[in-house]
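Protein chains in written order, with the numbering used here: chain A, 39 to 198; chain B, 39 to 198.
Note that the Cβ used here is the ideal one computed from N, Cα and C, for glycine as well.
In this text the structure is predicted, and so the values were computed from the model without any measurement.
Report on the structure given below.
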DNA sequence: TCAAATATGTCAACATGGCTGACATAACTC
DNA sequence: GAGTTATGTCAGCCATGTTGACATATTTGA
């Protein structure tokens, strides 16, 4: 329990420092991250993923859009949908933050033996509540392969 | 990255529901937890462990003491110190919350193979910033062995 | 022994990011 | 054209983080 607590505290600590320079918080980071991983994400998808309310999301999303980190496009099939994409500026920031966290993870994996990655991956996945596990697997799978970033893919993830 | 995010989200989700019944939040949980694991902890120790400010801690600590979950005793050697202990009531709640989280962890370990525990433990420890790692190891070691809960031990942990 | 340092408590004020509930708009569906 | 859906927005509440200043009791050291 303690290990999880401290590991997560430090995992989120690195980006927090960078975000503070932009006047952003952890909430902005989460939005940036998931839009980065899943371009064309709908607002409803984000709400499901983050498990927060519309109002909480609206606040940070408005800022991110207003300051030019995220853009919206109307959906091609359903024009009510606002599909979310990072701007170049947004992508730069997201990459910067991701790099920090990935570096920490890679250093930890390197320090903890060759079999650690697979075992840890299995453990973390098993820690996730069963009803969300499949969704997360899809999300992680897409992220790892660095593809499947089409709108269609996001739609699938969004359902559940 | 996603796995860590979702795993932690669900790890903290179970206790949150219970805490809400008492009108408590995650901040109260953290205090209960560390006092449970390290009876006789000083206020200064808690501040270091949680990395929050005195005011943030004071707020929740005051509630926990006021509602009879935690008691304070003046230190034997240095009477300025307020050593923190759980009351029977506090211990019951702490155990209840710990049980929830331990159950999830044990289920995840069981589901992820025999070597997962050691590998995951190594990984999580390596994720912690180096300057805190030794402290956490001491804390985790003490917790695991269910001993070393003397005031002296807490003093050692508190230093750094 | 008295002054300084230390451990803790407390106050005021503020920011972030959760929450609820209500309501508006546009677009799709039947 | 009515109802449903996706989104946006408003007002206001709560929890928990922050800073800075100051009070009190106690220990320590010159």
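> In whole angstroms, what separates the C-alpha of residue 40 of chain A from that of residue 166 of chain B?
Replying inline: On the first chain, position 2 is the one that residue 40 of chain A refers to. On the second chain, position 128 is the one that residue 166 of chain B refers to. Computed Cα separation, rounded: 11 Å.
> Given a limit of 7 Å on CB to CB distance, which residues of the stretch 100-111 of chain A reach chain B?
Replying inline: Cβ contacts with chain B come from no residue of the stretch 100-111 of chain A.
> With burial defined as no fewer than 16 other Cβ atoms inside 10 Å of the residue's Cβ, what is the status of residue 152 of chain B: buried or exposed?
Replying inline: Residue 152 of chain B sits at position 114 when you count from the first residue of the second chain. Classification for residue 152 of chain B: exposed.
> Between residue 93 of chain B and residue 104 of chain A, what straight-line distance do the alpha-carbon atoms span, to the nearest angstrom?
Replying inline: Taking the second chain and counting its residues from 1, the one referred to as residue 93 of chain B is at position 55. Taking the first chain and counting its residues from 1, the one referred to as residue 104 of chain A is at position 66. Looking at the two C-alpha atoms, the distance is approximately 34 Å.
>> Residues of the stretch 48-76 of chain B in Cβ contact with chain A at a cutoff of 7 Å, in chain order, please.
In response: 48, 49
> Between residue 122 of chain A and chain B, is there a C-beta pair that is closer than 9 Å?
Replying inline: As a position in the first chain, residue 122 of chain A is number 84, starting the count at 1. Not one chain B Cβ lies under 9 Å of residue 122 of chain A.
>> Check for me: the beta strand (DSSP E) holding residue 112 of chain A runs from which residue to which?
In response: By one-based count along the first chain, residue 112 of chain A stands at place 74. First-last of the beta strand (DSSP E) with residue 112 of chain A: 108-112.
> Mind pulling the beta strand (DSSP E) runs of 3 or more residues that sit fully within the stretch 40-126 of chain A?
Replying inline: 108-112, 120-124
>> Contact criterion: CB-CB distance below 9 Å. Does residue 139 of chain B meet it with respect to chain A?
In response: For this step, residue 139 of chain B is matched to residue 101 along the second chain. Answer yes: the Cβ-Cβ gap between residue 139 of chain B and chain A drops below 9 Å somewhere.
> Just the Cα atoms here: how many angstroms apart are residue 53 of chain B and residue 139 of chain B?
Replying inline: Your numbering for residue 53 of chain B matches position 15 in the second chain. Your numbering for residue 139 of chain B matches position 101 in the second chain. Rounded to the nearest angstrom, the two C-alpha atoms are 7 Å apart.
>> What does the alpha-carbon distance come out to for the pair residue 154 of chain B and residue 68 of chain B?
In response: The count along the second chain starts at 1 and reaches residue 154 of chain B at position 116. The count along the second chain starts at 1 and reaches residue 68 of chain B at position 30. Their Cα atoms are separated by approximately 26 Å.
>> Measuring alpha carbon to alpha carbon, tell me which residue in B:106, B:78, B:124 is nearest residue 115 of chain B.
In response: Here residue 115 of chain B refers to the residue found at position 77 when the second chain is read from its first residue. Ranking the options by Cα distance to residue 115 of chain B, first place goes to B:78.
>> If I measure Cβ to Cβ from residue 111 of chain A and keep anything under 7 Å in the same chain, skipping five residues before and after, which residues do I get?
In response: Within the first chain, numbered from 1, the residue matching residue 111 of chain A stands at position 73. The answer, listed in chain order, is 121, 123.
> Under a Cβ-count criterion, where at least 16 other Cβ atoms within 10 Å of its own Cβ denotes burial, should residue 147 of chain A be classed as buried or exposed?
Replying inline: Translated into the one-based positions of the first chain, residue 147 of chain A becomes position 109. Flag for residue 147 of chain A reads buried.
> For residue 166 of chain B, which three-state DSSP category applies?
Replying inline: The residue you call residue 166 of chain B lines up with position 128 of the second chain. If DSSP states are grouped into helix, strand and coil, residue 166 of chain B belongs with coil.
> With 9 Å set as the bound, which would you pick, yes or no: does the beta-carbon of residue 192 of chain A sit closer than that to a beta-carbon of chain B?
Replying inline: For the purposes of this step, residue 192 of chain A is taken as residue 154 along the first chain, with counting starting at 1. For residue 192 of chain A, the predicted model reports a pLDDT of 38, less than 50, meaning its position is unreliable; a value from the coordinates is still stated below. Chain B contact via Cβ: absent.
> Among residues of its own chain, excluding the 5 on either side of residue 132 of chain A, which ones have a beta-carbon nearer than 7 Å to its beta-carbon?
Replying inline: Against the first chain, residue 132 of chain A aligns to sequence position 94. 70, 71, 74, 124, listed in sequence order.
> In angstroms, rounded to a whole number, what distance separates the CA positions of residue 60 of chain B and residue 109 of chain B?
Replying inline: Position 22 of the second chain holds residue 60 of chain B. Position 71 of the second chain holds residue 109 of chain B. Residue 60 of chain B and residue 109 of chain B: Cα-Cα distance of roughly 18 Å.
>> Quick check on DSSP: helix, strand or coil for residue 153 of chain A?
In response: Counting from 1 along the first chain, the entry for residue 153 of chain A is found at position 115. Reduced to three states, the DSSP call for residue 153 of chain A is coil.
>> Can you list, in chain order, the residues of its chain with a C-beta nearer than 7 Å to that of residue 118 of chain A? Leave out the 5 residues immediately preceding and following it.
In response: Residue 118 of chain A sits at position 80 when you count from the first residue of the first chain. Counting only Cβ-Cβ distances below 7 Å, and skipping sequence neighbours, we find nothing.
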